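Per UniProt numbering, residue 1 is the first one in the sequence shown, and the count goes up by one each step. For reference, the structure is listed below as structure tokens.
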Amino acid sequence: HFEYLVMPFGLSNSPAVFQVLVNDVLRDMVNRFVFVYLDDILIFSQNERDHVRRVLQRLLENRLYGKVEKCEFHA
Numbered sequence: 001h002f003e004y005l006v007m008p009f010g011l012s013n014s015p016a017v018f019q020v021l022v023n024d025v026l027r028d029m030v031n032r033f034v035f036v037y038l039d040d041i042l043i044f045s046q047n048e049r050d051h052v053r054r055v056l057q058r059l060l061e062n063r064l065y066g067k068v069e070k071c072e073f074h075a
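In structure tokens, the structure reads:
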């Protein structure tokens, strides 16, 4: 039995499947203070700290992780 632990982006449907997953995970935030394009998540807000915390918590709850060295946070 073989099971992927990460999304294999070499498969033709992988980007679309991943986009649907992230949109579903962040569904109540998208277009309110989050914009998602594949693995890029843009958080726009007057209350930056709270919204960043909420997005990161939601990703963690759904076992979606990012590499800190690939993240950019700006005020």
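Using N, Cα and C, we set each Cβ at its ideal position, and we do this for glycine too. Source: prediction; values computed, not measured.
Quiz item: Is it true that the segment 50–70 meets the segment 23–33, where meeting means three or more beta-carbon pairs spaced less than 8 Å apart?
Solution: Between the segment 50–70 and the segment 23–33 there are three or more inter-stretch CB-CB distances shorter than 8 Å, so the stretches are counted as touching.
Quiz item: alpha helix (DSSP H) containing V25: first to last residue?
Solution: From DSSP, the alpha helix (DSSP H) with V25 extends over 14–25.
Quiz item: Should F33 be labelled buried (16 or more other beta-carbon atoms within 10 Å of its own) or exposed?
Solution: F33 comes out buried.
Quiz item: By how many angstroms is the C-alpha of H74 removed from the C-alpha of F9?
Solution: If I take the Cα positions, the gap works out to 28 Å.
Exercise. Please classify L5: does DSSP put it in a helix, a strand, or coil?
Key: Correct three-state label for L5: coil.
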